[in-house]
Amino acid sequence: EDAIDNVLELQESDDVDDPVIVLLDLNMPPKMGGAEAAERIRTMMGNEELARNVMLVCCSAGRVEDLKSQSWAHNFDHFCTKPFTPQTAEELATAIEQWCEEQDE
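This is the structure:
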């Protein structure tokens, strides 16, 4: 719930110009998983400008292909696998760079 609260604080502020990247573990204990948190964040963001500036990244030990086929996958902008390796970090950095460029268009 901390991730949701932090994103909602942004919604209440006037400073939504800077991109925000939220990494959500798919199996976040103890209260809610990353899929549910992502859905709640996307649902609660009525502000289009805020929604455009928040990148949600799903982190999981599962296969990316399997994750992308899930019904909740549309709530995420990128998927990365655990354990987090240097290659994973490079892929995430590239995805963030591409996402930021898309937001500038």
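For the sequence shown, the positions run 14 to 118 when this note's numbering is used.
Note that beta-carbon positions come from the ideal geometry of N, C-alpha and C, so glycine has one too.
Report task. Report back the beta-carbon spacing between Trp-112 and Met-45 to the nearest angstrom; my notes put them in contact at under 8 Å. Result -> For Trp-112 against Met-45, the beta-carbon gap comes to about 24 Å, at or over 8 Å, which does not count as contact.
Query - Nearest to Glu-104 (by Cα), restricted to the options Val-77, Arg-55, Thr-56 - result: Ranking Val-77, Arg-55, Thr-56 by Cα distance to Glu-104 puts Val-77 first.
Query raised in the report: Just how far apart, CA to CA, sit His-91 and Ala-108?
Result: For His-91 and Ala-108, the distance between alpha carbons rounds to 7 Å.
**Report entry** Simplified DSSP state of Met-68, which is helix, strand or coil
**Finding:** Strand, per DSSP.
Report task. Can you give me the start and stop residues for the beta strand (DSSP E) that Asp-38 sits inside? Result -> Its beta strand (DSSP E) spans residues 33-38.
Requested in this report: Please say whether Phe-89 and Leu-37 have beta carbons closer to each other than 9 Å?
Outcome: Their beta carbons are under 9 Å apart, which means Leu-37 touches Phe-89 by this criterion.
Query raised in the report: Is Thr-94 helix, strand or coil by DSSP?
Result: In the structure shown, Thr-94 adopts extended strand secondary structure according to DSSP, grouped into three states.
Query raised in the report: Just curious, the alpha helix (DSSP H) that Gly-47 is in, first and last residue?
Result: Where Gly-47 is concerned, the enclosing alpha helix (DSSP H) stretches over 47-57.
Report task. Express the C-alpha separation of Trp-85 and Gly-75 in angstroms, rounding to a whole number. Result -> Using only the alpha carbons, I get a separation of about 15 Å.
**Report entry** Per DSSP, the bridge partner or partners of Ser-73
**Finding:** In the DSSP output, where bridge partners are listed per residue, Ser-73 has Thr-94.
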